[in-house]
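Heads up: the sequence shown is residues 12 to 297, going by the working numbering.
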Amino acid sequence: MRITASPYAKSLYVWDCISAIFFYGGTTPFHSHNTLQLAFDIRNTFKCRAQNMDWGIYKSIIIKENVIHQLDPNGSVQLIIYLDAKSEIAKTIGLKYLSGHDIFSPGIEIEDHAKPGELERCLIEPNAALLERLIHRLLSQLVDCQRSDLNDERIKKVIKLITANGPDMTISRLAKNVFLSESRLRSLFRKAKGVPLHRYIIWNKILLAIGYIINGATVKDAATDCGFTDSSHFHKLLLGMFGVSPSQFIKDNSEKNFRILSPHPMCMESRIFDNEACNVIKTYKM
């Protein structure tokens, strides 16, 4: 795949005690935040390590405030959530998961708690209200340990296969993997997820392609590598399903935006360290 300068700019959303951003790109330097940090990969895995620790591979992670760490997006995209460390939700999550830990993986997969099409829409167009609902759903899961409504192990396996194999997975292959007929699988999937299996597969391809574009691929390469016939096919499906063309997506995200959504936005301070994580190079305040 040909990688160019990424046309996508990160938009930082800021509420009163919560901030969020979709993160991508290269490995970060050692850094820390004065906030509790949560990270959820939107479709694959990422890498993270704290100072004096080895790299770990995660789908989701909680990082204690002021912990010096590095993040490697691993060619994927993560939803990063920052919580005011003095807020009740941050204190509750910290007490529950971080006793004796600087970093902890809660084992939560974001796709289990996002409604069909929700992640794609949050990535494709600025939608603070939709993103806020998704964030609160994830926070509720962490605090209350609510079980996912998806209980059929066959459907869980199908979703994992779709996510892991991207453009290569067909309904026929999926049905064989879970020992069901195609018609039975279609029926069970629609009952479990509320959308047709074919549409869900297309949404997954769109999410993968958008992730590639975010990370600097051309629209043409992203389309063909993600299983679309060509860029015109990708254009038609993206426009038809989400009302946004690839070119419009790039245009709308050509500049970095701070979306302040509260009259009393949270205060966040980030520190960048040298390669040995010993000395502070820069300090950023928001």
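The beta carbon of each residue, even a glycine, is placed where N, CA and C say it ideally should be. Note that the coordinates shown come from a computational prediction; the quantities given were computed from them, not determined experimentally.
- Take the alpha-carbon of SER71 and the one of GLN48: they are about 11 Å apart.
- By the neighbour-count criterion, in which 16 or more other beta carbons inside 10 Å mark a residue as buried, ALA140 falls on the exposed side.
- VAL25 counts as buried, since no fewer than 16 other beta carbons sit within 10 angstroms of its beta carbon.
- Rounded to whole angstroms, ALA31 and GLU143 show a C-alpha spacing of 9 Å.
- Sixteen is the threshold: since fewer than 16 other Cβ atoms of the shown chains lie within 10 Å of the Cβ of ALA175, the residue is exposed.
- Between the stretch 71–83 and the stretch 36–43, the count of C-beta pairs closer than 8 Å reaches three or more; the two stretches touch.
- In this structure MET64 is exposed. Its beta-carbon is surrounded by fewer than 16 other beta-carbon atoms within 10 angstroms.
- Per the C-alpha coordinates, the member of GLY254, LYS231, PRO178 positioned closest to SER243 is LYS231.
- Secondary structure note for GLU143: its alpha helix (DSSP H) is the uninterrupted segment 139–155.
- For TYR211, DSSP records no beta bridge to any residue.
- Bridge partners of GLN81 according to DSSP: ARG60.
- In this model, LYS247 and CYS237 are separated by some 15 Å (Cα to Cα).
- For ASP52, the closest C-alpha among the options ILE217, TYR69, GLY251 is that of TYR69.
- Taking 9 Å as the cut-off, the Cβ atoms of ILE173 and LEU149 do not count as close.
- When secondary structure is reduced to three states using DSSP, ASN268 falls in the strand class.
- Assignment of LYS296 by DSSP, reduced to helix, strand and coil, places it in the strand class.
- Going by C-alpha positions, ILE283 is about 29 Å away from LEU145.
- Taking 8 Å as the upper bound for CB-CB distance, ASP95 and MET277 are in contact here, some 5 Å apart.
- Residue ranges of uninterrupted beta strand (DSSP E) with 3 or more members, entirely inside the stretch 230–280 and ordered along the chain, are 268–271.
- When DSSP states are grouped into helix, strand and coil, THR181 belongs to the coil group.
- Across the structure, ARG201 and ILE166 are spaced so that their CA atoms are roughly 10 Å apart.
- Shown here for ARG132: same chain residues with a beta carbon closer than 7 Å to its own, the five before and five after excluded, namely ASN138, LEU141, PHE253 in chain order.
- The beta carbon of PHE239 sits closer than 6 Å to those of PHE245, all from its chain and outside the five residues before and after it, given in chain order.
- Contact annotation: PHE115 and ILE182 have beta-carbon atoms that are not nearer than 9 Å.
- Within the same chain, no residue comes within 7 Å of CYS289 by CB-CB distance, once the 5 residues on both sides are set aside.
- Linking ASP263 to GLU136 through their CA atoms gives a straight-line distance of about 8 Å.
- Excluding the 5 residues flanking it on each side, ILE119 has same chain C-beta neighbours closer than 8 Å at PHE51, LYS70, SER71, LEU149, GLN152, LEU153, in chain order.
- Here PRO274 is exposed, its C-beta having fewer than 16 other C-beta atoms within 10 Å.
- Going by beta carbons, LEU134 and PHE33 fall inside the 9 Å limit.
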